[in-house]
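Listed in order, the protein sequences are those of chains A and B.
Using the numbering used here, you'd call the opening residue of the first sequence number -19 and step up by one each time.
Using the numbering used here, you'd call the opening residue of the second sequence number 6 and step up by one each time.
Where is the CB? At the ideal position from N, CA and C, for every residue including glycine.
For reference, the structure discussed in these notes is given below.
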Amino acid sequence: GAVVSQHPSWVICKSGTSVKIECRSLDFQATTMFWYRQFPKQSLMLMATSNEGSKATYEQGVEKDKFLINHASLTLSTLTVTSAHPEDSSFYICSARKWTSTDTQYFGPGTRLTVL
Amino acid sequence: GQQLNQSPQSMFIQEGEDVSMNCTSSSIFNTWLWYKQDPGEGPVLLIALYKAGELTSNGRLTAQFGITRKDSFLNISASIPSDVGIYFCAGLVHGSGNTGKLIFGQGTTLQVKP
């Protein structure tokens, strides 16, 4: 298998502040990572594709200036929620693409963000 | 756009029973992945399928990649209480640009009565 970690696992912040979430692939290199948002009892909603060494690709309707993504190394991608508001409260999950002879994605444990 | 129809939406079964869930699509996929998600956790990969017709087992779990490449099923035999959770299918298309983006089903919520 493959291990993907996320940090922090949960965070509570005040409205207007920025929050950074880290996603790491611990035992493999990932040139591509993905960031998802999940609302209660719903499926995962893809926010953006994080590409190592280049700009992230955002899905339609996702504000790139609101959700800043940096993929500075083959094992780390970060998502920064800028000027957070209560409506940004959600469960954020990353995944890392492991692409060798097969193409698979492994997910992190998720980060619960609560904005007061 | 591409969509996956996953059914059933939810299941409530007795411990020891077998479970079957499936995903269908109008589009062709090159890879099918089945994940399980526990509350407050990220999805965990259960089975990955890479070839049409492929039948793969992982313990009590068995999944198949449909011959048409437009469907897949997951079976769980002799269910136990820890099987409770949400099961997602996901399809991967190796199309132009090969982005690696997954298309997810809506999920099947499984509850097991001891």
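- According to DSSP, A/Ile1 shares a beta bridge with A/Leu59.
- Identification of chain B residues near A/Asp45 by a Cβ-Cβ cut-off of 7 angstroms yields none; the smallest Cβ-Cβ distance measures about 22 angstroms.
- Contacts between B/Glu46 and chain A, judged by CB atoms closer than 7 angstroms, involve Pro89 and Gly90 in chain order.
- Against chain B, the CB of A/Ile1 has no partner CB under 8 angstroms away; the residue lies outside that interface.
- Across the set A/Thr55, A/Phe71, A/Asp45 and A/Cys74, the C-alpha of A/Asp45 shows the shortest separation from the C-alpha of A/Ser63.
- Per DSSP, the unbroken beta strand (DSSP E) holding A/His(-13) starts and ends at Val(-16) to His(-13).
- Per DSSP, reduced to three states, the secondary structure at A/Asp45 is coil, with no helix or strand assignment.
- Residues of chain A with a Cβ closer than 9 angstroms to the Cβ of B/Gly105 are, in chain order, Thr12, Phe14, Thr29, Arg77, Trp79, Asp83 and Gln85.
- Taking the C-beta atoms as reference points, A/Asp7 is found no nearer than 8 angstroms to B/Leu97.
- When only Cα atoms are considered, B/Leu38 and A/Lys0 end up about 29 angstroms apart.
- Non-local C-beta neighbours of A/Asn31 in its own chain, meaning closer than 8 angstroms and more than five positions away in sequence, comprise Thr11, Thr12, Thr37 and His51, ordered along the chain.
- Listed by position along chain A, the residues whose Cβ is nearer than 7 angstroms to that of B/Leu66 form an empty set, because the closest Cβ is around 15 angstroms away.
- In terms of beta-carbon proximity, A/Leu93 stays away from the interface with chain B, with every pair separated by 8 angstroms or more.
- Here B/Lys118 is exposed: its Cβ has fewer than 16 other Cβ atoms, across all protein chains shown, within 10 Å.
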